[in-house]
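In our numbering, the protein residues as written are 5 to 433.
One structure is given below, encoded as structure tokens.
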């Protein structure tokens, strides 16, 4: 990838006018892509020129210079009073390449939105959420003190901070593809409340959650040892959850067992546009490698362990740990599938971080120990050997389905299916 910085432009609109700088340009900021502590761009954009909310997904602008990251454009609707001294011009007076995407965003916001555009990019949505939050808080002695503050909005979810007179709460909404997350977390809160976010309100039908803040949820304040703490605790919780899986299924928790996974994977390989991103050599070896990989995945599932509650995307960034209390969050990919996919994913992400040799294996073993104890006749060692490859198949399906559920033109996960497929080919050669 070229460049370590990206420029973001912010079009804050009021009716048919847009706030501009003295020279007629849009306000902008530069994102350092290597700074993990930098503000999230969609959050920072809503505060740069005046309080606003995104009316459309962030637009990637054309870029001819391969040495630069493409600029991005945020189109925001002003939500309260205009900033003092602001200069407003007609949207049609903007120069290209800004004018067309701003005009398109406004037309779609006021009229018919593209298929699969999430509700948080629609008029009145923030007002409805705030009214719901106020209702949820009415009986608690707590009240909201300010409008929602954007933490992140994108193609699959929207997360906001909710200021109250007794501290900040967090609100999350999911796209239709992940709409069951709220109902799933509600059931998890009833059963394993010590391991998931504390809910202050939930609407299963809308897919909305209001949550207490999590200590140790970011890279800045997560205590050392989070992965070591999570692996065995989550393994034990999965074993215990075998007794109440039907509650999760009733809540909409999807079944992603062997046959479902393989059927979906073959459909991805046959129809994903990202197969065109593979090299010619990779496409030639794909049919043979697919058969070899399927045989290994079937062997993985035949090692004697039942499908169980799985997080689906368990990695350190979804673990909150303050050195004592541990909570696992972001349950958009929650499902019923092979339990070792979680342990393998957690360990594989550690490999990406360049951790010490043997650490990933140690984490997988710690996660597997409760399963060894509960199913002594299972071939746990062979399942652990095969889990990384099976996880590549599983994650390929996950990201392909996310891409299919997003509106046309969304590039949040562009190239992920191709990268996972290339990694799988490497493993089965």
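Ideal Cβ positions, reconstructed from N, Cα and C, are used throughout, including at glycine.
Keep in mind it's a predicted model, so treat the numbers as computed, not measured.
TODO: May I have the straight-line CA-CA distance separating residue 213 from residue 140, to the nearest angstrom?
DONE: In the chain shown, residue 213 corresponds to position 209, counting from 1. In the chain shown, residue 140 corresponds to position 136, counting from 1. Approximately 10 Å between the Cα atoms of the pair.
Open item on the list: Considering only the alpha carbon of each residue, which of 260, 387, 11, 54 lies closest to residue 36?
Closed with: As a working mapping, residue 36 is identified with position 32 in the chain shown. Nearest C-alpha to residue 36: 11.
Task: Exposed unless 16 or more other CB atoms sit within 10 angstroms - verdict on residue 349 - done: Against the chain shown, residue 349 aligns to sequence position 345. Label assigned to residue 349: buried.
Open item on the list: DSSP three-state label for residue 13, please.
Closed with: Within the chain shown, the letter at position 9 stands for residue 13. If DSSP states are grouped into helix, strand and coil, residue 13 belongs with the strands.
Task: Own chain partners of residue 260 with C-beta closer than 6 Å, once the 5 adjacent residues on each side are dropped - done: Taking the chain shown and counting its residues from 1, the one referred to as residue 260 is at position 256. Result list for residue 260: 339, 341, in chain order.
TODO: Please check the pair residue 103 and residue 28, which I expect to be a contact at CB under 8 Å, by giving their CB distance rounded to whole angstroms.
DONE: To locate residue 103, count along the chain shown from 1; it is residue 99. To locate residue 28, count along the chain shown from 1; it is residue 24. So it is not a contact: roughly 12 Å between Cβ atoms.
Task: the stretch 280 to 295 contacting the stretch 184 to 198, beta-carbon criterion three pairs below 8 Å - done: no
Task: Cα-Cα separation, residue 435 to residue 78 - done: Any question about residue 435 goes unanswered here, given that the chain covers just 5 to 433.
Task: Three-pair Cβ contact test at 8 Å for the stretch 266 to 276 versus the stretch 364 to 384 - done: no
Task: Where residue 70 falls, given that 16 or more other Cβ within 10 Å makes a residue buried - done: Here the question's residue 70 lines up with position 66 in the chain shown. Residue 70 should be labelled exposed.
Task: Extent of the continuous alpha helix (DSSP H) to which residue 274 belongs - done: By 1-based counting over the chain shown, the position of residue 274 is 270. 262 to 275 is the extent of the alpha helix (DSSP H) around residue 274.
Task: Selection from 235, 401, 43 that minimises the alpha carbon distance to residue 264 - done: For the purposes of this step, residue 264 is identified with residue 260 of the chain shown, where counting begins at 1. Among 235, 401, 43, the Cα nearest to that of residue 264 belongs to 401.
- [ ] Verify the CB distance criterion: does residue 218 have a CB-CB separation below 8 Å to chain D?
- [x] No chain D is present in this structure, which holds just one protein chain.
- [ ] Any chance you could list the beta strand (DSSP E) runs of at least 3 consecutive residues sitting entirely within the stretch 181 to 214, in chain order?
- [x] 203 to 207
Task: residue 36 - DSSP class collapsed to helix/strand/coil - done: Here residue 36 corresponds to residue number 32 of the chain shown, with the count starting at 1. Residue state, collapsed to three classes: strand.
TODO: May I have the straight-line CA-CA distance separating residue 323 from residue 169, to the nearest angstrom?
DONE: Within the chain shown, residue 323 is the residue found at index 319, counting from 1. Within the chain shown, residue 169 is the residue found at index 165, counting from 1. Taking the straight line joining both Cα atoms gives about 27 Å.
Open item on the list: Tell me the residue span of the beta strand (DSSP E) that contains residue 8.
Closed with: As a position in the chain shown, residue 8 is number 4, starting the count at 1. First-last for residue 8: undefined, no H or E at that position.
TODO: Indicate the three-state DSSP secondary structure (helix, strand or coil) for residue 384 in the structure shown.
DONE: For this step, residue 384 is matched to residue 380 along the chain shown. Residue state, collapsed to three classes: helix.
Task: C-beta contact flag for residue 63 and residue 80 at 8 Å - done: Counting from one through the chain shown, the residue named residue 63 turns up at place 59. Counting from one through the chain shown, the residue named residue 80 turns up at place 76. Result no, Cβ atoms of residue 63 and residue 80 do not sit closer than 8 Å.
Task: residue 334 versus residue 26: straight-line alpha-carbon distance, rounded - done: Indexing the chain shown from 1 puts residue 334 at position 330. Indexing the chain shown from 1 puts residue 26 at position 22. Each residue's Cα considered, the two are about 42 Å apart.
- [ ] In the DSSP assignment, find the alpha helix (DSSP H) that holds residue 239 and state where it starts and stops.
- [x] For the purposes of this step, residue 239 is identified with residue 235 of the chain shown, where counting begins at 1. First-last of the alpha helix (DSSP H) with residue 239: 230 to 245.
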